[in-house]
Amino acid sequence: MIFVASGMILMVVYLLKKNPFGSKNLYKEEVFSSGDIKGTEYILPENRFYLPSSNTGEIVHQRYYSLSYNEKYEEAEWVAYVLTKESLKIPNVKRTNWFEDDPLVKTGSATYYDYKGSGFTRGHLAPAGDMAFNDEAMKESFIMSNITPQKRVFNNGIWKELEENTRNWAWKNNRLYIVTGPVLNKSIKRYIGKNKVGVPKYFYKVILDIDAPKRKGIGFIIPNERSIEPLVNYEVSIDSVEKLTNIDFFNELLTDDEEEKLESEFDPKKWKISNKLYQKRINDWNKQ
49 MIFVASGMIL MVVYLLKKNP FGSKNLYKEE VFSSGDIKGT EYILPENRFY LPSSNTGEIV
109 HQRYYSLSYN EKYEEAEWVA YVLTKESLKI PNVKRTNWFE DDPLVKTGSA TYYDYKGSGF
169 TRGHLAPAGD MAFNDEAMKE SFIMSNITPQ KRVFNNGIWK ELEENTRNWA WKNNRLYIVT
229 GPVLNKSIKR YIGKNKVGVP KYFYKVILDI DAPKRKGIGF IIPNERSIEP LVNYEVSIDS
289 VEKLTNIDFF NELLTDDEEE KLESEFDPKK WKISNKLYQK RINDWNKQ
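Once you know that position 270 of the sequence shown is 318 in our numbering, the rest is easy, because the numbers rise by one and skip nothing.
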């Protein structure tokens, strides 16, 4: 049934599925809604039962993504969302560049001023480029709980290359489930700002092509540094990322057999990396 009120479209969809992605969970009612004319479908927080495990128990639901906040390091240990071809088709809204504290973090998020003069950029976990389909999503990407300390040569270099390749893969595969975060462990030795935000030595991204029957997954672990190495050199199994982060990414999303298969192996041939973007990184982005 469809309700229309004040420009808001609310769709209540009853589907004989296990969850939005076809997991092992019991059948559930799924509720999808679009925020405005330029919006894209999102899954209501009460139905986001497929999220990764949390080492902290502090789960925060923004409208277009969810995160697990780590108070010790004052940043998210993961940010999770769905990236679709349909959202990428929508003309990009103007980038905001306005950072805001996150009132949803009960313990208080890091602030804009924690990064000021630190020598580190305010790096996005859910990229602004993935959230450019409407103004609300763009604004959410600049909430400080989605921000982490990144070296400029990393943020503007290989990390940017990975983000752009990810959008290419979403365009090709229609729908990707993405989990991104810093590696928060004893490798962190440096802290910045009044709130002592931990500076990660490594970042990861885990990508799952959601739709059956040809589901596939891949992981990346990349040092927070300038790199001249091809992106393929940082490809790893999802199991490898789980062991490093102590996060179970797909326990609530996949059957045990699917999870074991997808997380233990990956095929780089199924994730074509753009040589054009690599050359752009080497010739331009790394020199910024």
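Ideal Cβ positions, reconstructed from N, Cα and C, are used throughout, including at glycine.
In the pairwise beta carbon analysis, the stretch 135–153 is classified as touching the stretch 177–191: at least three pairs are separated by under 8 angstroms. Per DSSP, the unbroken alpha helix (DSSP H) holding residue 305 starts and ends at 304–312. Per DSSP, the continuous beta strand (DSSP E) segment holding residue 125 begins and ends at 123–132. For the set 117, 111 and 130, the Cα lying nearest the Cα of residue 229 is the one of 117. Per DSSP, residue 336 is not a residue of any alpha helix (DSSP H), being assigned neither H nor E. Taking 8 angstroms as the cut-off, the beta carbon of residue 231 is found no closer than this to the beta carbon of residue 158.
Comparing alpha carbon positions, the residue from 94, 309, 203 and 98 closest to residue 335 is 203.
Residue state for residue 110 is assigned as coil, using DSSP reduced to three classes.
About 12 angstroms separates the beta carbons of residue 112 and residue 176, which is beyond the 8 angstroms limit, so they are not a contact pair. CA-CA distance, residue 101 to residue 120, rounds to 17 angstroms.
Within the same chain, 267 and 269 come within 8 angstroms of residue 288 by CB-CB distance, once the 5 residues on both sides are set aside.
Nearest neighbour of residue 135 by Cα position, chosen from 215, 331 and 147, turns out to be 215. Contact between residue 190 and residue 148 holds: CB atoms are separated by about 6 angstroms, below the 8 angstroms threshold. According to the DSSP secondary-structure assignment, residue 246 is paired through a beta bridge with 239. Residue environment: residue 108 is assigned as buried (16 or more neighbouring CB atoms within 10 Å of its CB, all protein chains considered).
When DSSP reads this structure, residue 169 sits in a beta bridge with 198. In the three-state reduction of the DSSP assignment, residue 224 falls in the strand class. For residue 286, the enclosing alpha helix (DSSP H) begins and ends at 286–293. Look at the stretch 142–190 and you find these whole runs of beta strand (DSSP E), each 3 residues long or longer: 169–172. Contact between the stretch 124–135 and the stretch 199–213 is absent: fewer than three C-beta pairs spanning the two stretches fall below 8 angstroms.
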